[in-house]
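Undergrad: I'd like to ask some things about the structure below.
Protein chains: 2
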Amino acid sequence: MKATMKKTIETVPNFSEGRNQAKIRKILDCFTGVKGVKLLDHHKDKDHNRLVVTAAGEAAGVRKAVLAAVDIAVKNIDLRRHRGEHPRMGAVDVIPFIPIGETSMEDAIALSLDVAKEIWRSFRVPVFLYEESASRPDRRALPDIRRGEFEGMKEKIKDPQWKPDFGDAAVHPTAGVVAVGARRPLVAFNVNLDTDSMAVATAIARAVRFQSGGLRHCRAIAVNLRERGIVQVSMNMTDYTRTPLYRALEMVRMEAKQYGVNVIGSEIVGLVPSDAIVQSAAYYMGLENFTTDQILENKLND
Amino acid sequence: MKATMKKTIETVPNFSEGRNQAKIRKILDCFTGVKGVKLLDHHKDKDHNRLVVTAAGEAAGVRKAVLAAVDIAVKNIDLRRHRGEHPRMGAVDVIPFIPIGETSMEDAIALSLDVAKEIWRSFRVPVFLYEESASRPDRRALPDIRRGEFEGMKEKIKDPQWKPDFGDAAVHPTAGVVAVGARRPLVAFNVNLDTDSMAVATAIARAVRFQSGGLRHCRAIAVNLRERGIVQVSMNMTDYTRTPLYRALEMVRMEAKQYGVNVIGSEIVGLVPSDAIVQSAAYYMGLENFTTDQILENKLND
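Here it is, written out as structure tokens:
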């Protein structure tokens, strides 16, 4: 039990292959055959030509599974022939490590450095450290590192400012480069409005997101749910420990008010750590002195 | 993992010994030495002269631990000399079994019947089945079975209506009788009001509780928090799957309104299953189509 809950690290590696079922299967197999590691989810997209894997377990197992998958990807994916809508710079594009439960960010950073080093040593793919593992502030954001993509990276990497954290200043001929780093769990949180006005949703998205003056750990865009005839503020909560879900929801409600628009529901897409939910429940219920130690399941897995 | 989350049964046996530390230790030891069983909590009270143990694990382990504790209690507790404020009818007064996670109520009932049978067979203590395990509707409520307590049980048990479910119609001379049964997890949920009027708290408690016309799975009393200068509606939610916490909270708020009184906070005492919290979070956040499968920790322990 301890291993699972106490020292769990989640990883969500992105592979540049969303079409070839045999190759996808080989990658997924890396996450099902390792003791102490669990494949939680995977999402393949033909348009994006990309595979997103979600797995978790104790550090040693996660390390083994990820490196096996990198091996498969480097041998089987040729970026020179890869086309897809999603920006990418490598056969394995990005490998985030996320501390779960009582695992510390330091543990996730340590694992990311270890894996990064090994990727260069074993596969000769240069690595950029990003997010919490970044060596410099201007390398925290993945889009900044990835700008130019695989095709532009051949030149970009020669710029001393973009010298990789591990490896030579030359891309792997077929596998490109990869970003590896630790980050907080990301919660995909959408809020639905009782209007079909994209202008309203866009204005609210701008109000709540960090980029344009809103909440520190919130990204947001407007999305048109045409089938339902409504619009949505679609958010990525990049650190719910500091910017809780309830705060984003109430801010959407507050901003919507001025347009005479109401919140009619919300949605969490994919997985969410239990304390993100407990935190919001405690807010709405006015719970005093509540701790996640009172959650029976946490106690059981203590 | 499966054992813990998938087929976990919680038990909260009550022992009629809250003073003698050596005896209490012997009972607790029964729950720490069994593989697959975890002692989650214990509460001893000198005034009540009672020990409440909370433990959980897979059925076979829980069975073993509980029967070992019954053995200790029967050998060491003499009800003829037991005094305490809490009503009691046996050395082991009551043994509830509670299904956790995906464990079914049927599993908990099966375990309760098995343990009940064994308590009579091994220790010659007559057993009444109660709550979900009850053999008749008038035996569901523990207070009905316990009425008369140890002292009155000698006569009561001879009444054909109170023939034990297991055992002869005669109490164990020193250990009395015991109630064994399966029940839903009980959540102790208190709501604080911005008044010091016990009359208001009492009126609200009456309004929300089942007994006097309120919510089906809610017991409630008024409590005076003298130190804070406020009163509280103290509730036992006896089946949060059917009567959610948010419903009780909003009903207290609604009733308080007519007295010009506001809810200033709430409190969960002790352990609570995660889905009781998720359920209320989903209500207040208006979460659409959210399932506990989306909780990362549940997925990990799947």
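Top to bottom, those sequences are chains S and H. With our numbering, letter number 227 in the first sequence gets 245, and the count goes up by one each step, no holes. With our numbering, letter number 19 in the second sequence gets 37, and the count goes up by one each step, no holes. Even glycine gets a Cβ: it sits at the ideal position worked out from N, Cα and C.
Is A299/S close to chain H, meaning its C-beta is less than 8 Å from at least one C-beta of that chain?
TA: yes
Undergrad: If I follow the unbroken beta strand (DSSP E) through Y148/H, where does it start and stop?
TA: 145–149
Undergrad: Output, in chain order, the set of chain H residues within a Cβ distance shorter than 9 Å of V281/S.
TA: G304
Undergrad: DSSP three-state call for A193/H: helix, strand or coil?
TA: coil
Undergrad: With 16 other CB atoms within 10 Å as the buried threshold, where does E245/S fall?
TA: Its Cβ having fewer than 16 others within 10 Å, E245/S is exposed.
Undergrad: Could you spell out the range, first to last residue, of the alpha helix (DSSP H) harbouring E273/H?
TA: Start and end: 263–275.
Undergrad: For the alpha helix (DSSP H) containing V80/S, name the first residue and the last one.
TA: 77–94
Undergrad: May I ask you to report which of helix, strand or coil DSSP gives K25/S?
TA: coil
Undergrad: The beta strand (DSSP E) that contains D111/S, what's its start and end?
TA: From DSSP, the beta strand (DSSP E) with D111/S extends over 110–117.
Undergrad: Mind checking whether T213/H and P114/H have CB atoms under 8 Å apart?
TA: no
Undergrad: How should R68/S be labelled, buried or exposed, when 16 other C-beta atoms within 10 angstroms of its C-beta is the threshold for buried?
TA: buried
Undergrad: Please state if the CB of F207/H and the CB of I282/H are separated by a distance shorter than 8 Å.
TA: no
Undergrad: Can you pull the chain S residues whose beta carbon is under 8 Å from the beta carbon of S284/H, in chain order?
TA: Result: M303, G304, L305, E306.
Undergrad: Indicate the three-state DSSP secondary structure (helix, strand or coil) for G170/H in the structure shown.
TA: helix
Undergrad: Taking Cβ-Cβ distances shorter than 8 Å, what residues in chain H pair up with P291/S?
TA: I313, L314, E315, listed in chain order.
Undergrad: Spell out whether any CB of chain S is found under 8 Å from the CB atom of I175/H.
TA: no
Undergrad: For T220/S, I'd like the list of residues in its chain whose CB is within less than 7 Å of its CB, leaving aside the five on either flank, ordered along the chain.
TA: A240
Undergrad: Does the Cβ of T22/H have 16 or more other Cβ atoms within 10 Å, making it buried, or fewer, making it exposed?
TA: Reliability of the predicted coordinates at T22/H is poor, the pLDDT of 42 falling under 50, and the value obtained from them is presented with this limitation in mind. Classification of T22/H: buried, given that the 10 Å Cβ count is 16 or more.
Undergrad: Is it right to say N307/S is buried, meaning 16 or more other beta carbons lie within 10 angstroms of its own, or is it exposed?
TA: The residue in question, N307/S, is exposed, as its Cβ has fewer than 16 Cβ neighbours within 10 Å.
Undergrad: Compare the C-beta of A74/H with all C-beta atoms of chain S and state if any pair is closer than 8 Å.
TA: yes
Undergrad: Which chain S residues sit within Cβ distance under 9 Å of K172/H?
TA: Those within 9 Å of K172/H in chain S number zero; the least Cβ separation is about 38 Å.
Undergrad: Tell me which residue opens and which closes the beta strand (DSSP E) that I127/H is part of.
TA: Counting along the chain, I127/H falls outside any beta strand (DSSP E), though it belongs to the alpha helix (DSSP H) covering 123–141.
Undergrad: For a contact defined as C-beta to C-beta under 7 Å, what are the partners of T26/S on chain H?
TA: In chain order: L318.
Undergrad: If the cut is a Cβ gap below 8 Å, which residues of chain S does G288/H touch?
TA: Q312
Undergrad: Nearest by alpha-carbon distance to T50/H: which of A86/H, E35/H, A40/H, M171/H is it?
TA: Comparing Cα positions, the closest option is A86/H.
Undergrad: Compile a chain-ordered list of the residues in the stretch 48–70 of chain S whose CB is closer than 7 Å to at least one CB of chain H.
TA: Look at the stretch 48–70 of chain S: the residues with a C-beta under 7 Å from a C-beta of chain H are K56, L58.
Undergrad: Give me the residue from G247/H, T261/H, V226/H, D186/H with the minimum Cα distance to A238/H.
TA: V226/H
Undergrad: Indicate whether at least one CB of chain S lies closer than 8 Å to the CB of V296/H.
TA: yes
Undergrad: If we define contact as Cβ-Cβ less than 8 Å, is I118/S a contact residue for chain H?
TA: yes
Undergrad: So, I95/S versus V71/S, is the Cβ gap smaller than 8 Å?
TA: no
Undergrad: Any contact of the stretch 97–115 of chain S with the stretch 27–43 of chain S, i.e. 3+ C-beta pairs under 8 Å?
TA: yes
Undergrad: Hey, how far is the Cα of K20/H from the Cα of D293/H?
TA: For K20/H, the predicted structure reports a pLDDT of 37, less than 50, and the residue's modelled location is therefore unreliable. A value from the coordinates is still provided. When the Cα atoms are used, K20/H and D293/H turn out to be separated by approximately 18 Å.
Undergrad: For the stretch 229–263 of chain S, which residues have a CB atom closer than 8 Å to at least one CB atom of chain H, in sequence order?
TA: L263
Undergrad: Interface residues of chain S around L267/H at Cβ under 7 Å?
TA: M303
Undergrad: Quick check on A159/S: does DSSP put it in helix, strand or coil?
TA: DSSP, reduced to helix, strand and coil, places A159/S outside both helices and strands of the structure shown, so it counts as coil.
Undergrad: Identify whether N208/H lies in helix, strand or coil by the three-state DSSP scheme.
TA: strand
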